[in-house]
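K.L.:
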Amino acid sequence: MKLSDEVQAKKVFTAEELSMRRQEMARRRRNLSEKRNEEVKMETINKLLKKQAPKVNKKAAAAAAAAAAAGGEATPQDSGPKASPVFVRWVSSKNGTRVSVPTEMLEGPVGKVFRTEKDAVRAKRMVDEVA
């Protein structure tokens with residue numbers, strides 16, 4: 001089949017036809033926009049209604065429940081992960097210097113170094129504090 005070599009002229013629409021086409025296109029755009037807005041609205045509603053993830057993990061919730069069942073209130077220190085017994089925490093601030101030592105370390109032979117005078121009397125001191 002051979003196509004005709006004639007130049008095809010554009011179809012000329014009357015003013016009434018152009019007006020109807022414009023109205024139809026505007027209606028389609030409006031419907032599409034409303035549909036899109038409705039979908040966004042439904043997504044938002046579903047997102048808000050969906051069960052939200054808990055803020056604490058299962059171990060912390062179980063520990064809090066066990067502490068509550070034991071009769072004591074759970075403190076923030078109880079719910080957190082326990083520090084390794086081989087590490088020491090050193091804090092230097094404008095209020096002074098603090099060394100935090102795990103109780104496991106205090107109970108061992110190294111604990112003599114960290115005990116206060118109330119805990120153990122030191123035989124020899126390099127520096128005596130004068131008040």
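So that you can map any letter, position 48 of the sequence shown is 48 in the UniProt record's numbering, and since no number is skipped, the others follow by simple counting.
Quick reminder that beta carbons are idealized off the backbone N, C-alpha and C, glycines included.
(1) Name the residue from Ala68, Lys55, Val88 and Arg30 whose alpha carbon lies nearest to the alpha carbon of Pro102.
(2) Can you find the residues in the same chain that come closer than 8 Å, C-beta to C-beta, to Gly111, ignoring five residues on each side of it along the sequence?
(3) Could you pull out every residue in the same chain whose Cβ sits closer than 8 Å to the Cβ of Met20, ignoring the five residues on either side in sequence?
(4) Let me check understanding here. Comparing Cα to Cα, which of Gly96, Gly108 and Arg28 lies closest to Val86?
(5) Compute the Euclidean distance between the alpha carbons of Asn57 and Ala63, then round it to the nearest angstrom.
(6) I need the straight-line Cα distance from Lys55 to Pro81, nearest angstrom please.
(7) In angstroms with no decimal places, state the Cα-to-Cα distance between Ala70 and Lys59.
(8) According to DSSP, is Ala113 part of a helix, a strand, or is it coil?
(9) If I measure Cβ to Cβ from Ile45 and keep anything under 8 Å in the same chain, skipping five residues before and after, which residues do I get?
P.N.:
Reading from the atomic positions:
(1) Val88
(2) Val101 and Met105
(3) none
(4) Gly108
(5) 10 Å
(6) 16 Å
(7) If you draw a straight line from the Cα of Ala70 to the Cα of Lys59, it comes to about 16 Å.
(8) The displayed chain sequence assigns Val, not Ala, to residue 113. In this structure, Val113 counts as helix in the three-state DSSP scheme.
(9) none
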